[in-house]
Amino acid sequence: MTQEKNGISALELSRQLGISYNAAWRMKHKLMKAMKERDDEKPLGGFIQLDDAYWGGAQHGPRGRGAKGKCPFVAAVSMNEKGHPMFMRFSVVKGFKTGELTRWAKAHLKPKSLVISDGLACFRGIEQAGTFHLPLVTGGGAQSVKLPYFQWVNTMMSNVKNSIRGTYHSISKKYLPRYLAEFCFRFNWRFNLKKTFEQLIYSCIRAAPIPEYLLKLAEIRW
1 MTQEKNGISA LELSRQLGIS YNAAWRMKHK LMKAMKERDD EKPLGGFIQL DDAYWGGAQH
61 GPRGRGAKGK CPFVAAVSMN EKGHPMFMRF SVVKGFKTGE LTRWAKAHLK PKSLVISDGL
121 ACFRGIEQAG TFHLPLVTGG GAQSVKLPYF QWVNTMMSNV KNSIRGTYHS ISKKYLPRYL
181 AEFCFRFNWR FNLKKTFEQL IYSCIRAAPI PEYLLKLAEI RW
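Going by UniProt numbering, the first residue of the sequence shown is number 1, and it counts up by one from there.
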């Protein structure tokens, strides 16, 4: 879970460890929960690319914004002074409303960060968290994702979605925050793969015990 960029399914984990699927599922979800809690302790700062994203199976009708049955999440990638991606945070939200984005930003962005987003009105909510916000009207459509201002956040979204589909095929929306956190954790600690494993162990030691029924409820979004 810390070394393979595409992750490992609970089914494959059960095969490799020689344990039942249910035991492997519990183990994996406790590890993903610990990953999320560890990364959530470190808000993103500096220059940040921000975008709205959606998860859900193929359905007829509109795509992206306005599509029914999709699970909305915020995608954010912080950059260094050379424009290279450093850290990312993907968080499931109730919806793209101003108040929801304000609450999310207060939890996940450092004050005085410079955040660039498209012109979606709700993104102005992050300004209430003390960030500097630069909204760009992109016009939407397929060409908007090719703009250099959003290169890395769109690249990361595409990579994560493809990896989840390839490894897990189908996941419940209520567990999506954990799966997103798993990919973010590996990305955020990628510069030292040995330390990635050590950080996961450390995170598990610090994590509070959780009974199976709460693990399955998965009520926390961000």
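Every residue, glycine too, gets a C-beta built ideally from N, C-alpha and C.
- If you draw a straight line from the Cα of Ser113 to the Cα of Gln3, it is about 30 Å long.
- The three-state secondary structure of Trp55, taken from DSSP, is strand.
- Ile116 places its beta carbon 9 Å or farther from that of Leu101.
- Contact holds between the region 173-183 and the region 152-165, because three or more Cβ pairs, one in each stretch, are under 8 Å apart.
- In this structure, Val74 and Trp55 do not form a Cβ contact; the two beta carbons are roughly 12 Å apart against a cut-off of 8 Å.
- Annotation: Cys71 is outside any alpha helix (DSSP H); the continuous beta strand (DSSP E) that includes it extends over 71-79.
- Per DSSP, reduced to three states, the secondary structure at Gln199 is helical.
- As computed with DSSP, Val92 is found in a beta bridge with Phe73.
- Secondary structure note for Pro135: its beta strand (DSSP E) is the uninterrupted segment 132-136.
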